[in-house]
Ligand code: C2E
Ligand code: MG
Ligand code: MG
């Protein structure tokens, strides 16, 4: 499934995040929280992650050909990042699919980014050296060392949904405002995750958040629905779909 990431000011779609689902025998879609941990334990994450990356790259290439040059974000877990030769796998997938590295962004959670920085930072640096973007997911829920964050120099911080929910309440802006400010000081872009209400959208716009993602704009959707959604969004930017 793919979920759009939109520009906070103009509503224009800038990117998509690939979100994995497992189709069960009875056609039900199993969410990633249920099967990714199992795949990590069993080692299947290697194949699954490579498959997700290839699918996302292929989709990004088809959308480009159809006139939608969007950034494509792919989630990567700790065990994937630490696989020997992970950056070669990414480089090969980009070359085989024919996508420029700058159109791909790897999302890793804040807890992964900050766990064993001695091991993780060089892996992320190798990805960045390819020209691939790095986003820190679920930001605000982990324990970032500010010096590690500066060394890591991510392209984007994704404010965790738990802090977006707070924007509905009077005086609930604290953490989101702090993350936007931190990102501004570091020269990093910010995406708000899980934006569901117009009030949240307006508060984030007032705070100067760059991009938003959430059910207010679109739920994660299958590839065949993307072209129609993108055409509708282009016809009326900023409108909830
Ligand atoms: P995430 O990367 O932080 O993704 C955001 C989650 O929030 C997604 O859940 C998305 O469907 C959901 N979401 C988006 N907008 C809204 C909203 O407005 N309201 C609410 N309530 N939820 C919203 P999903 O798809 O179940 O994914 C859960 C997590 O599973 C992801 O969190 C990510 O960490 C992981 N994941 C997903 N796909 C992959 C993958 O291909 N590889 C790996 N390693 N992990 C993945
Ligand atoms: Mg993510
Ligand atoms: Mg997240």
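In the numbering used here, the protein residues as written are 1 to 241.
Cβ coordinates follow ideal geometry from the N, Cα and C atoms, glycine included.
Since the structure is predicted, the reported quantities are computational estimates derived from the model, not experimental observations.
Candidates the options, of which the one nearest residue i by Cα
| i | options | result |
| --- | --- | --- |
| residue 111 | 120, 18, 105, 103 | 120 |
| residue 65 | 235, 227, 236, 232 | 227 |
| residue 242 | 99, 71, 216 | This structure cannot speak to residue 242, because the chain is shown only from 1 to 241. |
| residue 98 | 54, 82, 165, 38 | 54 |
| residue 129 | 230, 106, 143, 118 | 106 |
| residue 165 | 143, 187, 199 | 199 |
| residue 189 | 195, 211, 170 | 211 |
| residue 108 | 222, 93, 127 | 127 |
| residue 60 | 208, 185, 101, 206 | 101 |
| residue 116 | 182, 79, 104 | 79 |
| residue 125 | 12, 213, 149 | 149 |
| residue 218 | 197, 209, 206 | 197 |
Helix, strand or coil at residue i according to DSSP, with G and I counted as helix
| i | result |
| --- | --- |
| residue 64 | helix |
| residue 128 | helix |
| residue 7 | strand |
| residue 138 | strand |
| residue 195 | coil |
| residue 219 | coil |
| residue 178 | helix |
| residue 170 | coil |
| residue 228 | helix |
| residue 183 | helix |
| residue 14 | strand |
Cβ-based burial, residue i [other Cβ within 10 Å; buried from 16]
| i | result |
| --- | --- |
| residue 23 | exposed |
| residue 9 | exposed |
| residue 4 | buried |
| residue 87 | buried |
| residue 160 | buried |
| residue 15 | buried |
| residue 158 | buried |
| residue 82 | exposed |
heavy atom of ligand 4 below 7 angstroms from residue i C-beta
| i | result |
| --- | --- |
| residue 18 | Of the ligands one can find in the structure shown, namely ligand 1, ligand 2 and ligand 3, none is ligand 4. |
Taking 5 angstroms as the limit, name every residue whose beta carbon sits nearer than that to some heavy atom of ligand 2, in sequence order. 75, 107, 137
What are the start and end residues of each continuous alpha helix (DSSP H) run of 4 or more residues lying completely inside the region 87-126, in chain order? Taking only runs of at least 4 residues, the alpha helix (DSSP H) segments lying wholly in the region 87-126 are 110-114.
Any chance you could list the beta strand (DSSP E) runs of at least 3 consecutive residues sitting entirely within the region 21-79, in chain order? 71-75
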